[in-house]
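In this text, residue positions in the sequence shown follow my numbering: the first is 1, and each later residue adds one. Every residue gets a Cβ at the ideal spot worked out from N, C-alpha and C, and that includes glycine. Everything numeric in this text was worked out from a predicted model, so none of it was measured. The structure appears right after this line, and notes come after that.
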Amino acid sequence: MKTAPLIAVLVLGAAAATAEAEVSSTITLASDYDFRGITQTARDPALQASLDWSSESGFYLGAWASNVDFGDGTESEFELDLIGGLAGNFTDDFGYDIGLVRYNYFDDGDDIDATEYYLGLSYKAVSVKYWYATDFANSGDGANYLEANVELPLPNDFTLGLHVGRSSGAFWGDDQYTDYSIGIGKTVGNFDLGLKWVDGSDFKPGVDIGDANSTENKVVFTIATTLPWGN
Numbered sequence: 001m002k003t004a005p006l007i008a009v010l011v012l013g014a015a016a017a018t019a020e021a022e023v024s025s026t027i028t029l030a031s032d033y034d035f036r037g038i039t040q041t042a043r044d045p046a047l048q049a050s051l052d053w054s055s056e057s058g059f060y061l062g063a064w065a066s067n068v069d070f071g072d073g074t075e076s077e078f079e080l081d082l083i084g085g086l087a088g089n090f091t092d093d094f095g096y097d098i099g100l101v102r103y104n105y106f107d108d109g110d111d112i113d114a115t116e117y118y119l120g121l122s123y124k125a126v127s128v129k130y131w132y133a134t135d136f137a138n139s140g141d142g143a144n145y146l147e148a149n150v151e152l153p154l155p156n157d158f159t160l161g162l163h164v165g166r167s168s169g170a171f172w173g174d175d176q177y178t179d180y181s182i183g184i185g186k187t188v189g190n191f192d193l194g195l196k197w198v199d200g201s202d203f204k205p206g207v208d209i210g211d212a213n214s215t216e217n218k219v220v221f222t223i224a225t226t227l228p229w230g231n
């Protein structure tokens, strides 16, 4: 059993309890755990939860967990991500976000844990973020991910979300690919509802279109709530 991530979660909890900052937790039920166009649950539902701490200075820490099923012989059933960074604004419209995330997978004989670093910039409704891992999935190879997102208001308090991302680098080699999605969201009471269509260029060598791990088009529904309510 990997104890370091669990210790880190306890430290995060202690910090959340003692620091004068904002603390929240988000619980999400998703019809599929989609990660950059690829299912992480073999297209089955996912239950996800986060604990987030942020200070007025812009520093933040977080822990995020989900069930996983890669459907390729790996034994991982649980993912725990540890996140830390700094976010803020240069002006009212121009913001930044810099940090790292540590992906931890449990019950897996093959160690596929990885660390990614990221740098994001945003201007009004548009955001761009670059992710880089020096040792992606414990492969010894680096990987890049560049994404762009747009979020626009729609009538009746709906939102429109547009996304495109590109995976490249030594880890992907000739299998680098693009993913994209379009979705709508709406807040109803204390719950955030989301529906998006996801697609992308299929990258897996030897994997037929229709396999759970391909980037074939799919629809993902999510319902989430953030605690404490009323904040």
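How far does the beta strand (DSSP E) with residue i in it extend, from its first residue to its last?
{"i": "residue 48", "result": "46 to 54"}
{"i": "residue 112", "result": "No beta strand (DSSP E) contains residue 112, which DSSP labels as neither H nor E."}
{"i": "residue 30", "result": "22 to 30"}
Per the DSSP calculation, residue i is bridged to which residue(s)?
{"i": "residue 229", "result": "Paired residue(s): none; residue 229 is not in a bridge."}
{"i": "residue 95", "result": "89 and 122"}
{"i": "residue 67", "result": "78"}
{"i": "residue 104", "result": "80"}
{"i": "residue 62", "result": "52 and 83"}
{"i": "residue 167", "result": "145 and 177"}
{"i": "residue 200", "result": "179"}
Give me the residue from the options with the minimum Cα distance to residue i.
{"i": "residue 53", "options": "24, 124, 224 and 201", "result": "24"}
{"i": "residue 223", "options": "146, 129, 40 and 46", "result": "46"}
{"i": "residue 199", "options": "38, 90 and 31", "result": "38"}
{"i": "residue 93", "options": "148, 119 and 124", "result": "124"}
{"i": "residue 225", "options": "201, 186 and 165", "result": "186"}
{"i": "residue 190", "options": "91, 132 and 26", "result": "26"}
{"i": "residue 116", "options": "99, 128 and 107", "result": "99"}
{"i": "residue 130", "options": "113, 230, 48 and 149", "result": "149"}
{"i": "residue 196", "options": "230, 158 and 177", "result": "158"}
{"i": "residue 85", "options": "44, 101 and 22", "result": "101"}
{"i": "residue 167", "options": "156, 180 and 140", "result": "180"}
{"i": "residue 294", "options": "194, 87, 91 and 103", "result": "Any question about residue 294 goes unanswered here, given that the chain covers just 1 to 231."}
{"i": "residue 31", "options": "228, 221 and 56", "result": "221"}
{"i": "residue 146", "options": "171, 28 and 36", "result": "36"}
{"i": "residue 63", "options": "70, 50, 57 and 55", "result": "50"}
{"i": "residue 288", "options": "96, 170 and 165", "result": "Within the shown structure, residues of the chain are numbered from 1 to 231, placing residue 288 beyond reach of any answer."}
{"i": "residue 135", "options": "114, 118 and 78", "result": "114"}
What did DSSP end up calling residue i once you bin it into helix, strand or coil?
{"i": "residue 173", "result": "helix"}
{"i": "residue 194", "result": "strand"}
{"i": "residue 43", "result": "coil"}
{"i": "residue 181", "result": "strand"}
{"i": "residue 127", "result": "strand"}
Which complete beta strand (DSSP E) runs does the segment 130 to 161 hold, if anything under 3 residues is left out?
Here the runs fully enclosed are 143 to 153.
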